[in-house]
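Peer 1:
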Amino acid sequence: MIPTPDLSHLTAKDYDHVYEPAEDTFILLDALEEDEKALKDLHPRISLEIGSGSGCVSAFIGKILGPSVLYLCTDINPHACRCTRATGVQNSMELDALNASFASPITMRLSGSVDIILFNPPYVPTVPDEASDAQDARGIAGSWAGGTAGMNVTDVFLERVEDLLSERGRFYLVAVAENNVPDIQERMLRLYGLRGNIVLKRRAGREHLFVLRFVRDHSPGQS
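Going by the numbering used here, the letters in the sequence shown line up with residues 75 to 297, in that order.
1. When the distance is taken between beta carbons, is V273 closer than 8 Å to E108?
2. Between the Cα of E281 and those of S82, P77, T78 and I101, spot the shortest distance and give me the residue it belongs to.
3. Does A278 come out as helix, strand or coil in the three-state DSSP assignment?
4. A219 to L172, Cα distance in whole Å?
5. DSSP three-state label for I191, please.
6. Take the Cβ of A154 as the centre, count every other Cβ of all protein chains shown within 10 Å, and call the residue buried at 16 or more, exposed below.
7. For my contact list, A133 and P79 are in at a C-beta cut-off of 8 Å; report their separation, rounded to the angstrom.
8. Could you check what DSSP says for N271 in three-state terms: helix, strand or coil?
9. Buried or exposed, going by whether 16 or more other CB atoms sit within 10 Å of the CB of S178?
10. With 16 other CB atoms within 10 Å as the buried threshold, where does M167 fall?
11. Alpha carbon to alpha carbon, how far is I135 from D207?
12. What's the call for P152, buried or exposed, on a 16-neighbour Cβ count within 10 Å?
13. Please name the residue or residues paired with L247 in a DSSP beta bridge.
14. Restricting to Cα atoms, I'd like to know which of R269, A278 and S293 is closest to L286.
15. Quick one: measure Cβ to Cβ for T19 and G221, integer angstroms, because I've assumed they're closer than 8 Å.
16. Considering I150, what are the terminal residues of the beta strand (DSSP E) in which it resides?
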């Protein structure tokens, strides 16, 4: 069993500004641990986490894959970037955190070269203005307010995944039932040739959580 990263350096004041790891975080860690062998066999060079928050997820995959991988993390929240870097130090690894929306500053340089993409998005359904205001404010609400069907932020990034992903790359996405998981899978396959499977699903209180894994579809009829 892979230990959860050490977050003892983060304080209650940090969690006033940055999302504290919760059940949605832990189901993603469990999914990555379940895929441990496949991830190692991939021999990845670049891992990219969108919305890294505390840095827990990237530190965890760093424990799986070791120091040969470049761990890139982005977050719109500057405090989250500081926490992510500190979590890397606390866990004896380097997490390269960029204060940015999605992968905007580095998208062109990363085109077709990211082996692992991780995204635990703001998936909670809210009114659309709440999601856009939260993103503009670049604070903790941006980690959960998801707009219509909880998909306003996720949908923007889904359009960019295929451009970033390497030929054998894997994209891991956290979702809830309200996000319409079958629709996400259908759209990603139809529009981008990325086939999605449910790695794990779990009920946590009122939330029915899913972790989806997307890879390029090489079945006949797909380009």
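Beta carbons: idealized from backbone N, C-alpha and C, even for Gly. Computed from a predicted model, the values in this text were never measured in an experiment.
Peer 2: The relevant details are as follows:
1. Cβ distance < 8 Å, so E108 and V273 count as in contact.
2. Nearest C-alpha to E281: I101.
3. Here A278 sits in strand by DSSP.
4. So the alpha carbons of these two residues sit roughly 21 Å apart.
5. Three-state result, I191: strand.
6. Classification for A154: buried.
7. Contact between A133 and P79 holds: CB atoms are separated by about 4 Å, below the 8 Å threshold.
8. Reduced to three states, the DSSP call for N271 is strand.
9. By the neighbour-count rule (16 or more Cβ atoms within 10 Å), S178 is not buried but exposed.
10. Looking at its Cβ environment, which holds 16 or more other Cβ atoms inside 10 Å, M167 is buried.
11. Answer to the nearest angstrom: the Cα atoms are 31 Å apart.
12. The residue in question, P152, is exposed, as its Cβ has fewer than 16 Cβ neighbours within 10 Å.
13. Looking at the DSSP output, L247 sits in a beta bridge with F193 and L286.
14. It is R269.
15. This structure cannot speak to residue 19, because the chain is shown only from 75 to 297.
16. Premise fails: I150 is in no beta strand (DSSP E) and is neither H nor E.
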